[in-house]
């Protein structure tokens, strides 16, 4: 009961502070979590489903296993093992994590990043499970030695994975902004023909004399239009890439310094159209070895008109 009262007081205090701060910034009474719930859950056009639909158990079958990999058993050891230290504390953390994941599971759209705020708590639970495995007395000495070696190998494995995904995977989507910042002329127009949110924009470009354009992918926010055939601009472009490219080049033919940014997958499809319109490749950037959708590619191409 004390835990429930303490949690309720924290919930009320934090939400009251958020309400007052949001209302001050928006200059009207505003409660952002409620607006988020209304738009993403209660909206007649099911806004969240526009970005993907996942099953009810996705966080348990995909989310947590992908984040923790083979370390998942340590969480179960902490929850169901005979770990005596700080039992009440561990149960409180477990309840918070299970409640949050259960609540998130009610939304049909799920992402790994939604679990980010729970990772510190889950790491604590994992550490309790690891401590239990290390300190308990094994029947044989070689089992203890094997466990210790496994811990060191786990650290090395995660270090290498972290270095790869932080420094090499999808680096082209960042490097292209650095290249544009140093090489494009003033009053240039740069158009990103990529899936939505593939690259940062002015936050990395740091230039106000360059106009950036991109394919939009906003959901259907109209309450009156409940047409299930709604297609955003990015999907329309990729549905007919050659025709869409021809129309775009025709509309933007008056631009003096016009750059196109695209993945190699799209470049191979529209290469003939680009050559016919006197576009040349001025820069190729490595992006990633592994592609998570067919619209992404290993290389990124920067093109401009001769």
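Numbering (the UniProt record's numbering), first residue to last: 1 to 306.
Cβ coordinates follow ideal geometry from the N, Cα and C atoms, glycine included.
Inside the segment 188–262, DSSP marks whole beta strand (DSSP E) runs of 3 or more residues at positions 188–192, 210–214, from first to last along the chain. Here the C-alpha atom of residue 15 lies approximately 19 Å from the C-alpha atom of residue 39. For the segment 101–156, the continuous alpha helix (DSSP H) assignments of 4+ residues that do not extend past its boundaries occur at 119–135, in sequence order. Per the coordinates, the alpha-carbon of residue 268 lies some 10 Å from the alpha-carbon of residue 301. Rounded to the nearest angstrom, the Cβ distance from residue 260 to residue 191 is 6 Å, consistent with a contact under 8 Å.
Spatial neighbours of residue 74 in its own chain (CB-CB distance under 6 Å, excluding positions within 5 residues in sequence) are listed in chain order as 126, 129, 130.
Taking C-beta atoms as the reference points, residue 170 and residue 287 count as a pair closer than 9 Å. According to the DSSP assignment, residue 66 belongs to the alpha helix (DSSP H) that extends over 64–68. Cβ-Cβ separation between residue 198 and residue 173: approximately 6 Å, consistent with a contact (criterion under 8 Å). One alpha carbon belongs to residue 20, the other to residue 1, and they sit about 29 Å apart.
When rounded, the separation of the alpha-carbon atoms in residue 92 and residue 64 is 19 Å.
Beta-bridge annotation (DSSP): residue 19 is not paired with any residue.
The continuous alpha helix (DSSP H) containing residue 173 extends over residues 172–183. By the criterion of a C-beta distance shorter than 8 Å, residue 216 is surrounded in its chain by 196, 232, 233, 234, once the five residues flanking it on both sides are discounted. Of the candidates 53, 95, 295, the residue whose Cα lies closest to the Cα of residue 239 is 295.
It is roughly 30 Å from the alpha-carbon of residue 11 to the alpha-carbon of residue 50. With a 10 Å radius around the Cβ and a threshold of 16 neighbouring Cβ atoms, residue 165 comes out exposed. Between residue 297 and residue 246 the beta-carbon gap is near 21 Å, outside 8 Å, which marks them as no contact.
Within a 10 Å sphere around the beta-carbon of residue 188 sit 16 or more other beta-carbons, which makes this residue buried.
For residue 79 against residue 102, the beta-carbon gap comes to about 15 Å, at or over 8 Å, which does not count as contact.
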